[in-house]
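Chemist: Chains as they are written, first to last, in the working numbering: chain A, -12 to 303; chain B, -12 to 303. For every residue, glycine included, the Cβ atom is placed at its ideal position computed from N, Cα and C. Predicted model, so just to flag it, every value in this text is computed and none were measured. Attaching a single structure in structure tokens format; questions to follow.
Number of protein chains: 2
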Amino acid sequence: MNNSFPSKQDVLDVRKRLLPFVHRTPVLTCDQIDQITGNKLFFKCENFQKAGAFKSRGALNATLQLSAEQRLNGVATHSSGNHAQALARAASILQIPAYIVMPANAPKVKIAAVEHYGGIITFCEPTLSARESTLREVISQTGATEIHPYNNYHVITGQATAAAELIEEIPLLDLVLTPVGGGGLLAGTALSVHYFLPQATVIACEPAGADDAYRSFREGRIIPSINPQTIADGLLTSLGDKNFAIIQKHVADIVTVSEDAIKLAMRYIFERMKIVVEPSSAVPLAALIEKKIVLKEKNIGIILSGGNVDLLQLPF
Amino acid sequence: MNNSFPSKQDVLDVRKRLLPFVHRTPVLTCDQIDQITGNKLFFKCENFQKAGAFKSRGALNATLQLSAEQRLNGVATHSSGNHAQALARAASILQIPAYIVMPANAPKVKIAAVEHYGGIITFCEPTLSARESTLREVISQTGATEIHPYNNYHVITGQATAAAELIEEIPLLDLVLTPVGGGGLLAGTALSVHYFLPQATVIACEPAGADDAYRSFREGRIIPSINPQTIADGLLTSLGDKNFAIIQKHVADIVTVSEDAIKLAMRYIFERMKIVVEPSSAVPLAALIEKKIVLKEKNIGIILSGGNVDLLQLPF
């Protein structure tokens, strides 16, 4: 792709490539939540995706793109979250090794999920520099290819397929909302809306306590996240440069929401829709509830990013 | 129907009649739970039904069967659970009054749900005799028609439509499992399996701490529930005679499960399927997990009865 953005044809090719490996997740609606927000909402349920999050799409696409020689040595990443599971699953499908660097304090349930898919875990200190240096070491020993969780065009194109499916199913959307962390889902969604529903707008939603994307978007340069504080544990990371370039070009706005609004939105999704989502998934609905996005009677697509939440510690 | 069971044509007619008013709920599968149980499970998701439970089907069908004159005076019941909401919703659709007798200690969320649908609530002491005498008084004052939550053929036929839809979608089931409380869902399911998939078997699943249906089935007479203890709050009631007659004829067996198995099954459904269910819904899966039903590689339909659970008090 040579430094140019993934193309419309790239997204179409990836959709076909992923078909045997990921769910086409359902799009759900909820009259009660529509009444609360005054709009017609269409929720793309990536919480029902394989390994419980949209991350399965990007990890699988990036892994499938490796040459036969690269595959021999496997893939590697550092992650304590959904990308770790997704990459371990992708590698298990191709029967190649996945080397996952995880902080020693990662939740047991996430460690178990990576092990379930046969991931080979190396534990390290829970700091970014320890994670990066441990990953470098693992890669130098194994020859594995690093699959970055978001700053990678193959990953971005994989994530783009969720919005492409949503648009195919609901072609009359005025607006599509996603949460933003590293920007993989957001950049992919922005590309799909640009290619397949250019009259619609994309707005990203971010916790106020982790507002690096909001500030980066306004200042026109990447401002890294410093000590972010939010229950939306999937949104703590800073933007990648590949993601940011796409976001600058194809995203209309980024808004921030309070922790209380995230908790309330999450509770509505559990109580009214009867589905399990992780806090990150609730951030776009929080923006509507908190009136950070003020619209009436619009058709709004929302990507529910995942469902991997600790049920013993629900924040409501 | 004159004391004979609802017929195949009755179920078909009711399906058509309910079409504008209830969801055709999805059937979900889960590879991970299939692996755990060694069978292929098909979950009919009545937790996604209007008002959050299968009860919407029966309450609506019974209300639709009233004469114009009966409708004038409205409908009445005593219930602290899903039937109260379902009947209030049914009455609101027909724009007739619903008189709901509720114990004064009913959960606030359930009271709010009945009020949301415009139900007219009369509170009483939290005993069965107070509930029954208060209901008689309300009926004598209003002329409303009592809609019993389960001992009513129109209600049973309404509940039968859930299994009819499941069978239409998954025609190769070997077995269908439901929880059993008063027996409305079980009797309806047994009729639908008998009429539409006669080669399949129906087994009911009941908490060991509320095993009146289990004991009644074995002794051949209705043994009322005395001080039942279970987290499956939808299954505390005793069987009705109309329900029991159908169950005796068309149900193969009733098995009981422990509270621990119910909690574990409920947790699997939240964690692996990413959906919200009430404890009653988890009872059939509990029977498979606890090996009260021992089968391998069968296609098993499970009716998930509802999703109205207090999220602040999840039992795991």
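#1: Between which two residues does the alpha helix (DSSP H) holding E33/B run?
#2: Around the C-beta of A269/B, are 16 or more other C-beta atoms found within 10 angstroms, so that it is buried, or is it exposed?
#3: Determine, using beta carbons only, whether K261/B comes closer than 7 angstroms to chain A.
#4: In the DSSP assignment, the alpha helix (DSSP H) including L272/A goes from what residue to what residue?
#5: Based on the DSSP output, what are the partners of N286/A in its beta bridges?
#6: Between which two residues does the alpha helix (DSSP H) holding V101/A run?
#7: According to DSSP, is M(-12)/A part of a helix, a strand, or is it coil?
#8: Between C17/B and the rest of its own chain, which residues show a CB-CB distance below 6 angstroms, the 5 nearest in sequence each way excluded?
#9: Cα separation between P211/B and Q300/B?
#10: Looking at N230/B and A352/B, is the spacing between their C-beta atoms short of 7 angstroms?
#11: Rounding to the nearest angstrom, what Cα-Cα distance links R4/A and G45/A in this structure?
#12: On the CB-based measure, 16 or more other CB atoms within 10 Å of its CB, does A311/B come out buried or exposed?
#13: If the cut is a Cβ gap below 8 angstroms, which residues of chain B does N34/A touch?
#14: Using a C-beta to C-beta distance shorter than 9 angstroms, which residues of chain B count as neighbours of F303/A?
#15: Cβ closer than 8 angstroms: which chain A residues qualify as neighbours of F257/B?
#16: Would G105/A pass as an interface residue toward chain B - the criterion being a Cβ-Cβ separation below 7 angstroms?
#17: Could you check if T148/A is buried or exposed, using at least 16 other CB atoms within 10 Å of its CB as the buried criterion?
#18: Going by C-alpha distance, which of A71/B, S66/B, K31/B, P166/B is nearest A38/B?
#19: Any C-beta of chain B sitting closer than 7 angstroms to the C-beta of G309/A?
#20: To which residues of the same chain is L157/B closer than 8 angstroms at the C-beta, ignoring the five residues directly before and after it?
#21: Use the C-beta contact count for G25/B: other C-beta atoms within 10 angstroms, 16 or more gives buried, fewer gives exposed.
#22: Terminal residues of the continuous beta strand (DSSP E) containing A85/A?
#23: According to DSSP, what are the bridge partners of A252/B?
#24: Rounded to the nearest angstrom, what separates L103/A and S79/A at their Cα positions?
#25: Please look up how many angstroms separate the CB atoms of G168/A and L223/A, rounded, as I've assumed it's under 8 angstroms.
#26: What do you reckon, are the CB atoms on A195/B and I234/B nearer than 7 angstroms?
#27: CA-CA distance, S267/A and E284/A?
#28: How about V180/B and A187/B: do their beta carbons lie closer than 7 angstroms?
#29: To the nearest angstrom, how far is the alpha carbon of S339/B from that of V142/B?
#30: For the stretch 129 to 141 of chain B against the stretch 54 to 72 of chain B, are there 3 or more C-beta pairs whose distance is under 8 angstroms?
#31: Pick out the complete beta strand (DSSP E) segments inside the stretch 213 to 258 of chain A, 3 residues or longer, and give them in chain order.
#32: In chain order, what residues of the stretch 17 to 41 of chain A put their CB closer than 7 angstroms to some CB of chain B?
#33: Given that a residue counts as buried once 16 or more other Cβ atoms are within 10 Å of its Cβ, and exposed if not, what is K31/A?
#34: Relative to the alpha-carbon of V189/A, which residue among D198/A, N48/A, L172/A has its alpha-carbon at the smallest distance?
#35: If you drop the 5 nearest sequence neighbours on each side, which residues of the same chain put their C-beta closer than 7 angstroms to that of L53/B?
Modeler: This is what the structure gives:
#1: In the second sequence, the residue the question calls residue 33/B occupies position 46. From DSSP, E33/B is part of no alpha helix (DSSP H); its letter is neither H nor E.
#2: Working through the second sequence from its first residue, we reach residue 269/B at position 282. In summary, A269/B is buried, with 16 or more beta-carbon neighbours lying within 10 Å of its beta-carbon over all protein chains present.
#3: Looking up residue 261/B in the second sequence gives position 274. For K261/B, the answer is yes, since a Cβ of chain A falls inside 7 angstroms of its Cβ.
#4: To locate residue 272/A, count along the first sequence from 1; it is residue 285. Unbroken alpha helix (DSSP H) run through L272/A: 270 to 276.
#5: Looking up residue 286/A in the first sequence gives position 299. Residue pairing by DSSP places N286/A opposite K27/A in a beta bridge.
#6: Looking up residue 101/A in the first sequence gives position 114. Element bounds for V101/A: 95 to 103.
#7: The sequence position of residue -12/A within the first sequence is 1, counting from 1. Residue placement at M(-12)/A is flagged as unreliable, the pLDDT there being 43, under the threshold of 50; a coordinate-derived value is accordingly withheld.
#8: In the second sequence, residue 17/B corresponds to position 30, counting from 1. Excluding sequence neighbours, C17/B sits near R259, M260.
#9: Mapped onto the second sequence, residue 211/B falls at position 224. Mapped onto the second sequence, residue 300/B falls at position 313. Answer to the nearest angstrom: the Cα atoms are 28 angstroms apart.
#10: Past the edges of chain B, shown from -12 to 303, lies residue 352/B, and the structure says nothing about it.
#11: Mapped onto the first sequence, residue 4/A falls at position 17. Mapped onto the first sequence, residue 45/A falls at position 58. R4/A and G45/A: Cα-Cα distance of roughly 11 angstroms.
#12: This structure leaves residue 311/B out entirely; chain B is present only between -12 and 303.
#13: Here residue 34/A refers to the residue found at position 47 of the first sequence. Near N34/A (Cβ distances below 8 angstroms), the residues of chain B are K261.
#14: The residue you call residue 303/A lines up with position 316 of the first sequence. The answer, in chain order, is L298, L299.
#15: Here the question's residue 257/B lines up with position 270 in the second sequence. V263, L298, listed in chain order.
#16: Working through the first sequence from its first residue, we reach residue 105/A at position 118. Taking Cβ atoms only, chain B never reaches closer than 7 angstroms to G105/A, which makes this a no.
#17: Translated into positions along the first sequence, residue 148/A becomes position 161. Within a 10 Å sphere around the beta-carbon of T148/A sit 16 or more other beta-carbons, which makes this residue buried.
#18: The sequence position of residue 38/B within the second sequence is 51, counting from 1. The candidate whose alpha carbon is nearest that of A38/B is A71/B.
#19: Beyond the ends of chain A as shown, which are -12 and 303, falls residue 309/A; an answer cannot be given.
#20: Position 170 of the second sequence, counting from 1, holds the residue named residue 157/B. Just to set this straight, residue 157/B is Ile in the shown sequence, not Leu. Sequence-distant partners of I157/B (beyond 5 residues in either direction) whose C-beta falls short of 8 angstroms from its own C-beta, in its chain, are V14, F29, N286, G288.
#21: Within the second sequence, numbered from 1, the residue matching residue 25/B stands at position 38. Under this definition G25/B is an exposed residue.
#22: As a position in the first sequence, residue 85/A is number 98, starting the count at 1. Its beta strand (DSSP E) spans residues 85 to 90.
#23: Within the second sequence, the letter at position 265 stands for residue 252/B. Paired residue(s): none; A252/B is not in a bridge.
#24: On the first sequence, position 116 is the one that residue 103/A refers to. On the first sequence, position 92 is the one that residue 79/A refers to. The amino acid occupying residue 103/A in the given sequence is His; Leu does not appear at that position. If you draw a straight line from the Cα of H103/A to the Cα of S79/A, it is about 10 angstroms long.
#25: Working through the first sequence from its first residue, we reach residue 168/A at position 181. Working through the first sequence from its first residue, we reach residue 223/A at position 236. Taking a contact as a CB-CB distance under 8 angstroms, the pair G168/A and L223/A counts as one, their CB atoms being some 7 angstroms apart.
#26: For the purposes of this step, residue 195/B is taken as the residue at position 208 of the second sequence. For the purposes of this step, residue 234/B is taken as the residue at position 247 of the second sequence. Contact: no.
#27: Position 280 of the first sequence holds residue 267/A. Position 297 of the first sequence holds residue 284/A. Looking at the backbone, the Cα of S267/A and that of E284/A are separated by about 25 angstroms.
#28: On the second sequence, residue 180/B is found 193 positions in, with the first residue counted as 1. On the second sequence, residue 187/B is found 200 positions in, with the first residue counted as 1. By the CB criterion at 7 angstroms, V180/B and A187/B fall inside the cutoff.
#29: In the structure as shown, chain B starts at -12 and stops at 303, and residue 339/B therefore has no counterpart that could be examined.
#30: Yes: the two stretches touch, three or more of their Cβ pairs being nearer than 8 angstroms.
#31: Counting whole runs of 3 or more residues, the stretch 213 to 258 of chain A contains the beta strand (DSSP E) stretches 240 to 244.
#32: Within the stretch 17 to 41 of chain A, the residues whose Cβ lies closer than 7 angstroms to some Cβ of chain B are N34, F35, G39, listed in chain order.
#33: Here the question's residue 31/A lines up with position 44 in the first sequence. The residue is buried, with at least 16 neighbouring Cβ atoms inside 10 Å.
#34: Position 202 of the first sequence, counted from the first residue, corresponds to residue 189/A. V189/A has its Cα closest to that of L172/A, out of D198/A, N48/A, L172/A.
#35: The residue given as residue 53/B occupies position 66 in the second sequence. A distance below 7 angstroms between beta-carbons, with the five flanking residues on each side excluded, links L53/B to the following residues of its chain, in chain order: T132.
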